[in-house]
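Chemist: Residues in the sequence shown are numbered from 1 upward in steps of one, following UniProt numbering.
Can you keep this structure in mind? I'll have questions shortly.
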Amino acid sequence: MAGKQTKTADDSLATYRAKRDFARTAEPAGAELPSTGNGFVVQKHAASRLHYDFRLELDGVLVSWAVTRGPSVNPDDKRLAVRTEDHPLDYARFEGTIPKGEYGGGTVMLWDNGTWESIPGKDPRETLPEGHLHFILHGRRMQGEWILFRLKPRGREKGENWILRKVNDAFAGGSDDLVGIHLTSVDTGRTMDKIAAGKAVRKRKSAKPAARSASPVKSARKRKAVGTLPPFQPVQLAALVDHVPPGDRWIHELKYDGYRTLLAIGGGEGRAYTRSGLDWSDRFAGLIGDATGLDAESALIDGEAVVILPDGRTSFQALQAALKGDPGKIDYVAFDLLELDGEDLTQRPLLERKEMLAALIGEGRGHLRYSDHIVGRGEELFKSFCGAGLEGVISKRVDARYSGSRSGSWVKTKCVRRQEFVIVGWTPSDKQRGFRALLLGVNEKGKLRFAGKVGTGFTGDEIERLMALMAPLEQKTATVEAPRAAVRGAHWIKPKLVAEVAYIEFTDEGVLRHSSYLGLREDKKPEAVILEVEAPVAEAPAATSGVKISNRDRVIFPEGTLTKGELADYYEAVAEIMLPWAGSRPISLVRCPQGRDKKCFFQKHDAGSFGHDVKQVGILEKDGHEEPYLFVDTPAGLLTCVQMGTIEFHGWGARIEDVEKADRLVFDLDPDEGLDFKDVVSAAFHLQDVLGQMGLVTFPMVTGGKGVHVIAPLTPTAEWPQVKDFAHRFAVALAQANPERFTAALAKAKRTGKIFIDYLRNQRGATAVLPYSARSRPFAPIAVPLTWEELRDLESPDRWHIGDAAEMLKRAASKDLAHWGRADQVLPDL
């Protein structure tokens, strides 16, 4: 309906204008704009109460509802939507602050926009007065089929109460998938706090402002609806085995020689993540550009960044050279698809994911390639690859879901032995410059041991580069113990650099023979470098651990007479969903060998008594010496800990790839005795709101104790002093703003009647209980990830126990928890 607003539309804005003083508020009075008739906008509005204003363009105005808890893509959720006055079309681009004391005073964010269309045969001009609307949204966040219907008035109600509900279609999802994850403006990228503070932020390329003469709703129509940028999630890892697994239950792919990389696209943007979650988007900008051109609203792709030589081989050394000066040579070989158009695919079988990936990549786009495979005939393929000088074969179970851990459904067989090593020093050259060989170490039993030398494979330029990197790290003391003859004249350095080295074998003394330098590994930290040992295929880590549990009938939870065997069965069942959170991070164990009511103790170091399935990573203590911290990355590792009397698993807020950078914030809400659990739930929602205003997506978890953890995942960029300072100042500020409700004081005497905001989990060496861990409490409760909707109605923090493994697996595979604990965000300013 083009042209100026009609008299009818103008009349319908009388209530809107009467409620506002346009000399005080920056809200638009209602310009005469052309109407397209099919735009919509959603504005997040922190007035006396936070709500979301949902507005549909119809006959020259924006018909409006206030959705009290925001829209939900869960078809089971019925969200109250209170009909409000019609708004003018130019309100669709309003973002800012309405002055306190004015009608609707508070902060307004442009949270979503796009176009809408009514279902055929459902003319909104007829159905709206009747009390129902049935329509399809094409927004940046709200998409698919929706219903609005009016409730019958109760008593003396004067307003119109409606219900907004999602129809079950391809865009349906979890209750928290919209308002729990999307915390910034679609127009400016600002958080609510930044809008309230009037901080200007450069607008995103995908959200250009409309021209003054055009309808803001019409400008939204011109943009393609785009999805949300998926966050990083832990990658699936392959165990090293001694031969290729036989049979048609396995597919086999080429093992590429490059950098493992996750490519995320959505919202017109892209990211490139290393295997440990580091953001390498600047290094792989060309690949991101190709990926954003794929026919997908959003996607998360797993693959390898490589340089392909003329003979078809991939070369890590060539990749290193390309990263330094010729990034146009870098290709990306995609071999798995974890998310597409907002749908989590990790629970689907591997072959189904690969079929969808092949359709997405097609014949390739730019530098993107699809990694083909064969089913069966793995040994034959391995021989041909080795004969061609290739690195080896990756074998994957055809029916395996993507677990984000070393579950045993992926294994690797190498043609040439190669391994990362920590550079611990160099031996001098008889020439004027450079070195004769690099001295190498590997982490074993929590400390570095000498692993030999590498003296070939270097170009002149690489020698100069390495010398420039090593010289500032030089130290007088030996970095490792080594035979004097092997390291005569050595220059020792701090163990900060990691090299990849090819070799023929190890001697009986554990020293390399016939080694050759391949390049530096900037994506792997020294702490994470451990020796890979080939295991027989039958002994490779698998979905079942194979760990023998002794004394299965020993009662370790007297309440309910729950046994060690039942605890082991629980951990075996949930290992695959627990390891993405518990694996490859330093852990502390609560061990109760004689049962939870007997003597229990924490253990975080190991001298090797747990066996090879429980690994160690050396971490420097405050006094400068190194201690062997425990970590696991397989179901066998978890079960070995249980066999050794472990009940609880607690983890650092960082992974072993870089223990100095946090990948999460954890606020533990610890109530004083006598407070009701509902007080804790209310407090958790308050933290969600305050952190959300700062742009942090959060997720709740009941701990199996009396409290709740509010968890904010982080891209690991901030180091521990910064993270600790943020957590401390946040907790203190919250307690000062709500002194009757919260305290950040450590002293027990100051916690009377209050909830202690335990921020101390957010410092180097501190741990927090891990998702799905059992607790050494009566009846064996467990720590359970929740949606915010579930927490709202939860009556007890210890509802679930070790007998609920089947429910945990079902929950983890549901749409509601598909994105739990994952968000693309960094530590904000405070």
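No residue lacks a Cβ here, since even glycine has one placed at the ideal position from N, Cα and C.
Taking a contact to mean a Cβ-Cβ separation below 7 Å, would you say Glu102 touches Thr25 in this structure?
Modeler: Looking up residue 102 in the sequence shown gives position 102. Looking up residue 25 in the sequence shown gives position 25. Contact: yes.
Chemist: Note down, one range per segment and in chain order, each alpha helix (DSSP H) of at least 4 residues found wholly within the segment 708-770.
Modeler: Entirely contained in the segment 708-770, the alpha helix (DSSP H) runs reaching 4 residues are, in chain order, 720-737.
Chemist: Counting beta carbon pairs with one atom in the segment 750-764 and one in the segment 795-810, are three or more of them shorter than 8 Å?
Modeler: No contact exists between the segment 795-810 and the segment 750-764.
Chemist: Are the beta-carbon atoms belonging to Val666 and Ala768 less than 7 Å from one another?
Modeler: Along the sequence shown, read from residue 1 onward, the residue named residue 666 stands at position 666. Along the sequence shown, read from residue 1 onward, the residue named residue 768 stands at position 768. Taking 7 Å as the Cβ cut-off, Val666 and Ala768 qualify as a contacting pair.
Chemist: For a test of the three-state rule: what should DSSP assign to Gly325, helix, strand or coil?
Modeler: For this step, residue 325 is matched to residue 325 along the sequence shown. Of the three classes helix, strand and coil, the one that applies to Gly325 here is helix, per DSSP.
Chemist: Hey, how far is the Cα of Leu240 from the Cα of Ile147?
Modeler: Walking along the sequence shown from the start, residue 240 turns up at place 240. Walking along the sequence shown from the start, residue 147 turns up at place 147. Each residue's Cα considered, the two are about 52 Å apart.
Chemist: Once the 5 residues before and after Trp581 are set aside, which same chain residues still bring their CB inside 6 Å of it?
Modeler: As a working mapping, residue 581 is identified with position 581 in the sequence shown. So the list reads Leu770 and Pro771, once near-sequence residues are dropped.
Chemist: Per DSSP, what kind of secondary structure is Thr456 in: helix, strand or coil?
Modeler: For the purposes of this step, residue 456 is taken as the residue at position 456 of the sequence shown. Coil, per DSSP.
Chemist: Between the C-alpha atoms of Gly30 and Asp793, what's the straight-line distance to the nearest angstrom?
Modeler: As a first step, residue 30 must be located in the sequence shown, where it is residue number 30. As a first step, residue 793 must be located in the sequence shown, where it is residue number 793. Approximately 42 Å, taken between the alpha carbons.
Chemist: What three-state label does DSSP hand Thr115 in the structure shown?
Modeler: Counted from its first residue, the sequence shown places residue 115 at position 115. It is a strand residue.
Chemist: Go through its chain and collect everything with a Cβ distance to Leu137's Cβ below 7 Å, but skip five positions before and after it.
Modeler: Along the sequence shown, read from residue 1 onward, the residue named residue 137 stands at position 137. Excluding positions up to five away in sequence, the list reads Phe40, Gly114, Trp116, Gln143, Gly144 and Trp146.
Chemist: Where does Arg406 land, buried or exposed, given buried means 16+ other C-beta within 10 angstroms?
Modeler: Locating residue 406 in the sequence shown gives position 406, where the first residue counts as 1. With 16 or more Cβ atoms within 10 Å of its Cβ, Arg406 is classed as buried.
Chemist: Apart from the five residues on each side of it in sequence, which residues of its chain come closer than 7 Å, Cβ to Cβ, to Phe726?
Modeler: Against the sequence shown, residue 726 aligns to sequence position 726. Same-chain partners within the cutoff: Leu827 and Leu830.
Chemist: Which residues mark the beginning and the end of the alpha helix (DSSP H) in which Leu691 is found?
Modeler: Taking the first residue of the sequence shown as position 1, residue 691 is located at position 691. Here the alpha helix (DSSP H) through Leu691 covers Phe677 to Gln693.
Chemist: For Ala285, is the classification buried or exposed, using 16 other Cβ atoms within 10 angstroms of its Cβ as the cut-off for buried?
Modeler: Position 285 of the sequence shown holds residue 285. Answer is exposed; the Cβ neighbour count stays below 16.
Chemist: Could you have a look at Pro216 and say whether DSSP puts it in helix, strand or coil?
Modeler: The count along the sequence shown starts at 1 and reaches residue 216 at position 216. Any answer about Pro216 is weak, because its pLDDT of 38 lies below 50 and its placement is not dependable; what the coordinates show is given next. Three-state result, Pro216: helix.
Chemist: Tell me the residue span of the beta strand (DSSP E) that contains Met701.
Modeler: As a working note, residue 701 is residue 701 in the sequence shown. Where Met701 is concerned, the enclosing beta strand (DSSP E) stretches over Phe699 to Val702.
Chemist: Just the C-alpha distance for Gly489 and Thr427, rounded to the nearest angstrom, thanks.
Modeler: As a working note, residue 489 is residue 489 in the sequence shown. As a working note, residue 427 is residue 427 in the sequence shown. Roughly 6 Å separates the two Cα atoms.
Chemist: When DSSP builds the beta bridges, which residues end up paired with Met109?
Modeler: What you label residue 109 is simply residue 109 of the sequence shown in a count that begins at 1. Beta-bridge pairing links Met109 to Lys44.
Chemist: Please report how far the alpha carbon of Asp311 lies from the alpha carbon of Lys494, in whole angstroms.
Modeler: In the sequence shown, counting from the first residue as 1, residue 311 sits at position 311. In the sequence shown, counting from the first residue as 1, residue 494 sits at position 494. Taking the straight line from one Cα to the other gives about 39 Å.
Chemist: With DSSP as the reference, label Pro209 as helix, strand or coil.
Modeler: Along the sequence shown, read from residue 1 onward, the residue named residue 209 stands at position 209. At Pro209, the pLDDT of 31 sits below 50, so the modelled position is not reliable; the number obtained from the coordinates is stated separately. Three-state DSSP puts Pro209 in coil, outside helix and strand.
Chemist: On the CB-based measure, 16 or more other CB atoms within 10 Å of its CB, does Val375 come out buried or exposed?
Modeler: In the sequence shown, counting from the first residue as 1, residue 375 sits at position 375. Burial call: exposed.
Chemist: Relative to the alpha-carbon of Ile423, which residue among Thr15, Leu351 and Glu500 has its alpha-carbon at the smallest distance?
Modeler: For the purposes of this step, residue 423 is taken as the residue at position 423 of the sequence shown. When only C-alpha atoms are compared, the closest one is Glu500.
Chemist: Considering only the alpha carbon of each residue, which of Gly624, Arg596, His134 and Asp672 lies closest to Glu648?
Modeler: Indexing the sequence shown from 1 puts residue 648 at position 648. Of the listed residues, the one whose Cα sits closest to Glu648 is Arg596.
Chemist: Using CA coordinates, which residue listed in Asp523, Thr477, Arg449 and Ala823 is at the minimum distance from Glu509?
Modeler: Position 509 of the sequence shown holds residue 509. It is Arg449 whose Cα lies nearest to the Cα of Glu509.
Chemist: By DSSP's criteria, Trp410 is part of a beta bridge. Which residues make up the other side?
Modeler: Here residue 410 refers to the residue found at position 410 when the sequence shown is read from its first residue. Lys396.
Chemist: With a floor of 3 residues, list each beta strand (DSSP E) that falls wholly inside the segment 248-335, ordered by position along the chain.
Modeler: Listed in chain order, the complete beta strand (DSSP E) runs (minimum 3 residues) inside the segment 248-335 are 250-254, 259-266, 269-274 and 298-306.
Chemist: If you pair each beta-carbon of the segment 260-277 with each one of the segment 295-313, do three or more pairs fall below 8 Å?
Modeler: A contact exists between the segment 260-277 and the segment 295-313.
Chemist: The beta strand (DSSP E) spanning Arg150 covers which residue range?
Modeler: Here the question's residue 150 lines up with position 150 in the sequence shown. Gln143 to Arg150 is the extent of the beta strand (DSSP E) around Arg150.
Chemist: Roughly how many angstroms lie between the CA atoms of Phe756 and Pro739, to the nearest whole one?
Modeler: For the purposes of this step, residue 756 is taken as residue 756 along the sequence shown, with counting starting at 1. For the purposes of this step, residue 739 is taken as residue 739 along the sequence shown, with counting starting at 1. Their backbone Cα atoms lie some 11 Å apart in a straight line.
Chemist: Note the first and the last residue of the continuous alpha helix (DSSP H) segment covering Ile361.
Modeler: Here residue 361 is taken as the residue at index 361 of the sequence shown, counted from 1. Leu350 to Ile361 is the span of the alpha helix (DSSP H), which, as asked, contains Ile361.
Chemist: If you drop the 5 nearest sequence neighbours on each side, which residues of the same chain put their C-beta closer than 8 Å to that of Leu58?
Modeler: Within the sequence shown, the letter at position 58 stands for residue 58. So the qualifying residues of the chain are Gly37, Pro124, Arg125 and Leu128.
Chemist: Could you give the C-beta distance for Ile183 and Gly765, rounded to a whole number, given that I count them as a contact under 8 Å?
Modeler: Stepping through the sequence shown from its first residue, residue 183 is reached at position 183. Stepping through the sequence shown from its first residue, residue 765 is reached at position 765. The sequence given here places Leu at residue 183; Ile does not occur at that position. So it is not a contact: roughly 30 Å between Cβ atoms.
Chemist: By the three-class DSSP mapping on this structure, what secondary structure does Val498 have?
Modeler: Against the sequence shown, residue 498 aligns to sequence position 498. DSSP places Val498 in strand when its eight states are reduced to three.
Chemist: Please report the straight-line C-alpha distance between Ala823 and Ala744, rounded to a whole angstrom.
Modeler: If you number the sequence shown from 1, residue 823 lands on position 823. If you number the sequence shown from 1, residue 744 lands on position 744. The alpha-carbon atoms of Ala823 and Ala744 are separated by roughly 26 Å.
Chemist: Run through DSSP, which three-state label would Ala813 get?
Modeler: Taking the first residue of the sequence shown as 1, we reach residue 813 at position 813. Three-state result, Ala813: coil.
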